[in-house]
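Those letters in the sequence shown? Residues 1 to 153, per the numbering used here, in order. The beta-carbon is built from N, C-alpha and C at its ideal position, and this holds for glycine as well. Note that the structure is a prediction, hence the values are computed from the model and not measured. The structure appears right after this line, and notes come after that.
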Amino acid sequence: MKKVIGHALFGIPSGILIGLVTSLIFSWQAGYGIFYPGPPAFMSLFNNELEALTAALVLWSIVGMMFSISSLIFEKLEWSILKQTFLHFLCTYTGLLALNVFLNWFDYTLGNVAEFTLTFIIIYAIVWSVSMLRVKRSLDEINQQLKKGRREK
Numbered sequence: 001m002k003k004v005i006g007h008a009l010f011g012i013p014s015g016i017l018i019g020l021v022t023s024l025i026f027s028w029q030a031g032y033g034i035f036y037p038g039p040p041a042f043m044s045l046f047n048n049e050l051e052a053l054t055a056a057l058v059l060w061s062i063v064g065m066m067f068s069i070s071s072l073i074f075e076k077l078e079w080s081i082l083k084q085t086f087l088h089f090l091c092t093y094t095g096l097l098a099l100n101v102f103l104n105w106f107d108y109t110l111g112n113v114a115e116f117t118l119t120f121i122i123i124y125a126i127v128w129s130v131s132m133l134r135v136k137r138s139l140d141e142i143n144q145q146l147k148k149g150r151r152e153k
């Protein structure tokens, strides 16, 4: 339980940072010189920008916690990397899609859901690949140190 709480607490600032950067990028792309914490459908749910930003901060925190807690799946060493990845993908995709549905962040046409899914898969694949490369590099370094230690004996 301590690990889950620790991951949840780590996920809050991570989620806020990623959400803030993402919303800044989209706000700059809109080109109106106004900060939008969410898309128009999200903004229309609130009386003013301050309420929208407050809600967005809470939601970004939830997303950050979801991703951080779900990373504990990768600590199940008895599971294959395929099983870990599939379950992590399923948890994060389902959670993010549910949040999008709940907040009506985009129109739910087949094309938009397909675009969301494709975007999620691409981003997930990039992050997963970078993570796997880091793990491989770390394992290679450990193996080199073990080989070096054996030679010295």
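Start and end residues, alpha helix (DSSP H) containing residue i
i, result
"T54", "49 to 70"
"N104", "No alpha helix (DSSP H) holds N104; DSSP gives it neither H nor E."
"M43", "40 to 43"
"G9", "Strictly speaking, residue 9 in this sequence is Leu, with Gly absent from that position. Segment 2 to 30, the alpha helix (DSSP H) holding L9."
8 angstroms Cβ shell around residue i - same chain, five flanking residues per side excluded
i, result
"S23", "F35, Y36, P37, G38, A56"
"V180", "No answer is possible for residue 180: the residues shown for the chain start at 1 and end at 153."
"N100", "F106, F116"
"Y32", "none"
"V21", "none"
Member of the options whose CA lies at the smallest distance from the CA of residue i
i, options, result
"W105", "G33, F10, L59", "L59"
"E115", "K136, L97, E78", "L97"
"S71", "Y32, V127, I18", "V127"
"I81", "N48, V135, Y93, Q145", "V135"
Own chain residues within Cβ distance below 7 angstroms of residue i, not counting five before or after
i, result
"Y124", "F89"
"S27", "I34, F35, Y36"
"I16", "L57, W60, S61, G64"
"N112", "F106"
"I122", "none"
"L133", "none"
Proximity of residue i and residue j at Cβ, strictly below 8 angstroms
i, j, result
"L14", "G95", "Position check: residue 14 holds Ser in this sequence, whereas Leu was assumed. Taking 8 angstroms as the Cβ cut-off, S14 and G95 do not qualify as a contacting pair."
"Q84", "I73", "yes"
"G11", "F67", "yes"
"L103", "F42", "yes"
Residues near residue i by beta carbon distance below 6 angstroms, same chain, minus five either side
i, result
"G19", "W60"
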